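For what it's worth, UniProt numbering labels the leading residue of the sequence shown as 1, then goes sequentially. Note sheet for the following structure.
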Amino acid sequence: MKLFSKDVYIRRRSQLREAVPQGQILIMGNNEAPMNYTANAYRFRQDSNFLYFFGINMPGLAGLIDGNKTIIFGHELTLDDIIWEGPVEPLSSFAEKVGVTEIHPLEDLPKFIKKDEVHYLPPYRGDRSIFLKETLGISQAPSVDLIKAVVAQRAIKSSEEIAEMSAAVNISGAMHVAAMKACKPGKMEYEIVAEILRTVKMQNAELSYPIILSVNGQTLHNHFHGNQMHAGQLMLNDSGAETEMYYAGDITRTYPVSGKFTTQQKDIYEIVLKMEVDSIEAMKPGVSYRDIHLHANRILIEGLKGLGLLQGDVDTMVSEGVGGMFMPHGLGHAIGLDVHDMEDLGEQYVGYKEGLERSTQLGLKSLRFAKELETGNVLTVEPGCYFIPELISKYKEEGKFKEFVNYSRLESYLQFGGVRIEDNVLVTENGHQILGNPIPKTVAEIENI
Ligand SMILES: [Mn+2]
């Protein structure tokens, strides 16, 4: 189990205690999650908040900060566990490495909990909800004070976290290069998936989310990998690794199955690339990510206007949300210990703030991070352009945006698919830094590989 140094966890917990000075703070770890029966579990994934404050990657733990005391609740292995799972380092030894000396059995947790004074975070697994309500007898809602304090801390990445995240991007980059090299007409999509899995496993890492890989890139989260790939199609690969310490990478590349872009593909690709590069260029502390999203939208609209697919006033098209028809998702999201960082705590706390309301427009409504950037934030930048036949035909029928959209010219794009390009970017004091080593991105780099 890889851990940061002891003082990192001690510092994180004392910062949290200062931000939430009253009452108890309970941070629950995850349990094993059965796949088809109890002993056959999914890969164990520790809770990210528990990892952040207590570090220990084992199931069945809880951390309690009570006054100036910090306690870990859990179990030492029994002889029976050792017979089946082998002799691992005792819990007390791991606890010591994260600066905790007091350990009690998990069954004793109810005796320590002051039901009315305990702050806890929103559960996202059924077993935890039941444990909080029935075993601990807590009836109040999750603590907004605790949510806000955790978000404020985790949103600002420290240098040791940036090193882990850069490693995650580098593994993700290797996955993408392997996929590019394996992509050939006649092969099946799952053969590329196999190359990605081989690469991530060879680096002792795991996926940070299920692989999105398809020649139907217009489907934003396409997990079907059963298509045969043909020359003339685009391959969209959105996949990332999480390191042994669970920091995530989230990278997307799009490239021609044949290895060479057609003119039509290159035209769209260059628009998306400009959206991506210019968005990254605009990133610095104090700039609102919503504004960067809208600027990317403007580049998309100008680009599609240049191709004769759109017509009319660009400002009007931006404000009417015409771009959402071709990019129905947000420009990016926070990333860290979760690929959508802290989404369990609520996007309204992670990416929005009081007075900043979520739009209802297609595209902008899916923007997960809209507020001003701060030094230490890490976000994905992932513009795209998609031709979704079902959406286009519905809008055409309804006459939606008919003064702006050249529907007859769009006909020749119905088989296009989609393009998305994504990198992970740190906001620095002076601007920004793309994490990890460069991954082929320009038309020339991609055709070359
Ligand atoms: Mn992403």
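We treat Cβ as the ideally placed atom computed from N, Cα and C, and that holds for glycine. Computed from a predicted model, the values in this text were never measured in an experiment.
message = Could you tell me which whole alpha helix (DSSP H) segments of length 4 or greater appear in the stretch 143–218?
response = 144–154, 159–182 and 189–202
Discussion item. Can you tell me whether residue 432 is helix, strand or coil according to DSSP?
Written reply: strand
Give the C-beta separation of residue 200 and residue 385 to the nearest angstrom, bearing in mind that I take them to be a contact with Cβ-Cβ under 8 Å.
The Cβ separation is near 28 Å, so there is no contact.
* To do: Within the same chain, show all residues whose beta-carbon is closer than 7 Å to that of residue 6, passing over the 5 residues directly before and after it, in chain order.
  => 97, 98 and 99
Original post:
Assuming residue 401 contacts residue 287 under a Cβ cut-off of 8 Å, what Cβ separation, rounded to an integer in Å, is found between them?
Top reply: Contact flag wrong, Cβ pair sits at about 29 Å.
Inset, instruction - Note down, in chain order, each residue of its chain lying with its Cβ closer than 8 Å to the Cβ of residue 147, except the 5 sequence neighbours on either side. - result: 121, 122, 345, 346 and 349
| Looking at the structure shown, is residue 1 part of a helix, part of a strand, or coil, going by DSSP? | coil
Beta-carbon within less than 8 Å of residue 376's beta-carbon, same chain only, minus the 5 sequence neighbours each way: which residues are those? 155, 156, 157, 158, 426 and 427
request  = Please find out if some non-hydrogen atom of ligand 1 comes closer than 7 Å to the beta-carbon of residue 333.
outcome  = yes
Could you tell me which uninterrupted beta strand (DSSP E) segments, each at least 3 residues in length, are contained entirely in the stretch 355–411, listed from first to last along the chain?
378–381 and 384–386
Please name the residue in 353, 247 and 94 whose C-alpha comes closest to that of residue 378. 247
key: Counterpart residues of residue 475 in DSSP-defined beta bridges   = Absent from the model: residue 475. The displayed extent of the chain is 1 to 449, so no value can be given.
message = What would DSSP say about residue 128, mapped onto helix, strand or coil?
response = helix
Which term fits residue 44, buried or exposed, when burial requires 16 or more other beta carbons within 10 angstroms of its beta carbon? exposed
**Request:** Leaving out five residues on either side along the sequence, give the residues of the same chain with a beta carbon under 7 Å from the beta carbon of residue 225.
**Result:** 189, 190, 193 and 213
*asked:* Can you tell me whether residue 382 sits near ligand 1, meaning its C-beta is under 7 Å from at least one heavy atom of the ligand?
replied: yes
For the beta strand (DSSP E) that residue 295 lies in, which residues bound it at each end? First-last for residue 295: 289–306, but that is the alpha helix (DSSP H), not the beta strand (DSSP E).
* To do: Give me the Cβ distance between residue 53 and residue 9, rounded to the nearest whole Å; I'm assuming they're in contact under 8 Å.
  => 7 Å
request  = Determine contact between the stretch 132–145 and the stretch 350–368, defined as no fewer than three beta-carbon pairs at a distance below 8 Å.
outcome  = no
Heavy atom of ligand 1 less than 7 Å from the Cβ of residue 302, yes or no? no
*Does ligand 1 have even one heavy atom less than 7 Å from the beta-carbon of residue 276?*
no
Taking the beta carbon of residue 441 as the centre, do at least 16 other beta carbons fall within 10 Å, making it buried, or is it exposed? buried
Nearest to residue 316 by CA position, among 398, 404, 307 and 257, is which residue? 404
Can we count residue 422 as close to ligand 1, meaning its CB is less than 7 Å from some heavy atom?
yes
Once DSSP output is grouped into helix, strand and coil, what is the label at residue 263?
helix
Measuring alpha carbon to alpha carbon, tell me which residue in 12, 117, 211 and 39 is nearest residue 149. 12
* Taking the continuous alpha helix (DSSP H) assigned at residue 446, which residues delimit it? -> 443–448
Quick check: what's the CA-CA separation for residue 83 versus residue 260?
56 Å
task = Kindly examine ligand 2 and report whether one of its heavy atoms sits closer than 7 Å to the Cβ of residue 267.
result = What this structure holds is ligand 1, not ligand 2.
- Could you tell me the distance, in whole angstroms, from the CA atom of residue 71 to the CA atom of residue 105? 10 Å
Is residue 7 near ligand 1, judged by its Cβ being under 7 Å from some heavy atom?
no
### Query
On the three-pair Cβ rule with 8 Å, is the stretch 232–248 touching the stretch 170–184?
yes
Point to revise | Same chain only: Cβ atoms within 6 Å of residue 268, ignoring 5 sequence neighbours per side | key: 385 and 419
### Query
Does DSSP classify residue 9 as helix, strand or coil?
helix
### Residue closest to residue 66, alpha-carbon to alpha-carbon, out of 25, 38, 77 and 380
25
Quiz item: With C-beta atoms as the reference, is residue 424 less than 8 Å away from residue 250?
Solution: yes
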